[in-house]
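Counting in my numbering, the sequence shown runs without a single skipped number right up to 552 at its last residue.
Heads up, the beta-carbon is just placed ideally off N, CA and C, and yes, glycines get one too.
What you are looking at is a predicted structure, and each value in this text was computed from that prediction instead of being measured.
Notes follow once the structure below has been shown.
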Amino acid sequence: MSASREQFGSRLGFILAAAGSAVGIGNLVGFPVAAAKNGGGAFLFIYAVFVIFICLPVMMAEISIGRHTQHAPMNAFRSLSYGHRGWTFAGFLSLITPYMIAVFYTVITVWLFGYLWEAATGGLANLADPNYFGAFINSNDVFLHLIAVEAIVFFILFSGVKGGIERGAKIMMPTLFVMLIALVLFVLTLDNAFAGVRYYFVPDFSKINSSVINTALSQAFFSLSLGMGIMITYGSYMQRDDDLPSSAKFVAATDTLVAFIAGLLIMPAIFSFNPDTNTADLSDSSVGLIFTFLPKIFLAMQTSIGYVGASLVASLFFLLVFFAAITSLVSITEVPNSALMGSAKYSRTRSLSIIGASMLVFTVLCVFSFGRIEGLTQFMTYAGVNKSFFDVIIDVFYDTILPLNGLLACLLVLTHWKRTNFHRELERGSPNYRNSWLEKYVDFSLRTFIPAILLIIFINTVALKYFGVSLIG
Ligand code: PFF
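Printed below as a string of structure tokens:
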């Protein structure tokens, strides 16, 4: 245990940084559309149940592993398992996962920055052109935007845990919340806005089937930044006497609240554009929605608020999503950085330079995989679908491995660390946690149904993604 390990300056600092990680593109766009397509209020209800009863205990496990060991994932796993080989491999998985997620998330953040730039400089009409996105992602402008995004992310990270990550979150998170509320208030004044609100809230339980349940749980898991090593790493920076269970509750609540509120922005906007929208026709992909669908909606607003007004709304929206993406990107890049600093005993500057340079190589490979280089564009084929290098990274690291990593964290607690030690860590700084209902629940759920559910989701995703068979609907 190193005495000089960096720390967040306060409990609020930890909460804002962890919530900054959790609030991302998934909350602002992925969640509202998943809810609208899958039963509205019924989906919201199931999602909230999953956050509270399944994700919260996993989040508490991950944060406490970090705080107890004072290490980033790989060394944390090694230390709790006393160097057992199998667990070192599990630790490696929760290191390579954030590394690769950071690569593809950088690409999406770069696109967001490009759209923000275009909207803010008068080019909203271009963004609404259906051919724009395809041309943009293969243009050389992407490299300029890439430099800008890397400069922002690494500037924050070079400034350290307290001076960079915490300070960045303290500025960006409240700003994000204000922008979100301002946009919601604005879209609610549009014609037909309430048709969207109705669609979002009115429960339709007939839409709930096993695949919707799978979607809701995966969405919740991913939205809370679980299985990515982030909560372990941020936990290792948390002060030893902070109240961990309440902090975890706050982070989960903030993330869920932002997702719920984002629905009040996206759904009314979609319905005011087309009151007869059939949500089944909306794209499943957040990327498709953000970059091709929503710009059309913003442009259509010019009939009521003029081109400048519409450009302002679009710019505010892209800035909102950009801030959410930056705080997530910072958190995920910090995982491999923290691991390298810890195991090689490198300075922050040296470690970040190595991580940054190596990630850049993969990021550029992704940028070339949208048609510029054949071998990267047609990288692999599985379940009958051709996949680019970028797609493969998303499928493997984002869509498949997260529940497995969450499962491994739970198993590590159960088999090596042991539940009593785990609860002792949670009780530090939180005397009320001892013998509480929450403690009993966390204990019971982690040794019974949570690992089972995570295993089922993992197996089903593998069957579906790579073999085209759905085992649970
Ligand atoms: N919780 C994030 C979201 O909802 O978008 C997930 C995430 C993605 C976190 C990418 C970090 C990250 F780099």
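| Item | Value |
| --- | --- |
| At a cut of 8 Å, does the stretch 109-128 reach the stretch 414-421 through at least three beta carbon pairs? | no |
| Counting only runs that start and end within the stretch 427-492, where is the beta strand (DSSP E) found for 3 or more residues in a row? | 459-461, 464-466 |
| Which residue spans inside the stretch 207-262 form an unbroken beta strand (DSSP E) run of at least 3? | none |
| State yes or no: is the C-beta of residue 407 nearer than 6 Å to some heavy atom of the ligand PFF? | yes |
| Hey, how far is the Cα of residue 253 from the Cα of residue 484? | 31 Å |
| In angstroms, rounded to a whole number, what distance separates the CA positions of residue 405 and residue 527? | 36 Å |
| In terms of residues, what are the limits of the alpha helix (DSSP H) holding residue 307? | No alpha helix (DSSP H) holds residue 307; DSSP gives it neither H nor E. |
| Measuring only the C-alpha atoms, how far is residue 176 from residue 105? | 17 Å |
| Among the residues of its own chain, which have a CB less than 6 Å from the CB of residue 352, if the five just before and after it don't count? | 376, 379 |
| Thinking C-beta only, is residue 448 closer than 7 Å to residue 430? | no |
| Assign residue 139 to one of two classes, buried (16 or more other C-beta atoms within 10 Å of its C-beta) or exposed (fewer than that). | buried |
| Does DSSP put residue 194 in a helix, a strand or coil? | helix |
| Under 8 Å by Cβ, that's how I've got residue 533 and residue 486 pegged, so tell me the actual separation to the nearest angstrom. | 4 Å |
| Restricting to Cα atoms, I'd like to know which of 278, 155, 208 is closest to residue 354. | 278 |
| Check the C-beta distance from residue 126 over to residue 298 and give it rounded, since I have them as a contact under 8 Å. | 7 Å |
| Sorted by chain position, which residues of the same chain lie with C-beta nearer than 7 Å to residue 462's C-beta, five sequence neighbours on each side aside? | 544, 545, 546, 547 |
| Would you decide whether residue 285 is buried or exposed? Buried here means 16 or more other CB atoms lie within 10 Å of its CB. | exposed |
| With a threshold of 16 other CB atoms inside 10 Å of the CB of residue 82, please say whether the residue is buried or exposed. | The predicted model places residue 82 with a pLDDT of 47, which falls under 50 and marks its position as unreliable, so this point remains unresolved. |
| Quick one: Cα of residue 245 to Cα of residue 84, how far? | 15 Å |
| Roughly how many whole angstroms lie between the Cα atoms of residue 488 and residue 500? | 14 Å |
| Going by the CB atoms, is the gap between residue 95 and residue 295 shorter than 7 Å? | no |
| Based on Cα-Cα distance, which residue from 261, 159, 258, 368 lies nearest to residue 143? | 159 |
| Under the rule that 16 or more other beta-carbon atoms within 10 Å means buried, what is residue 250, buried or exposed? | exposed |
| Less than 6 Å separating the Cβ of residue 532 from some heavy atom of the ligand PFF? | no |
| Distance check for residue 87 and residue 241, CA to CA, integer angstroms please. | 5 Å |
| Buried or exposed: where does residue 426 fall if 16 or more other Cβ atoms within 10 Å of its Cβ makes it buried? | exposed |
| Can you give me the Cβ contacts of residue 220 inside the same chain, cut-off strictly under 7 Å, excluding the 5 residues immediately before and after it? | 193 |
| Count the CB pairs spanning the stretch 307-323 and the stretch 162-177 that are closer than 8 Å, and state whether there are at least three. | yes |
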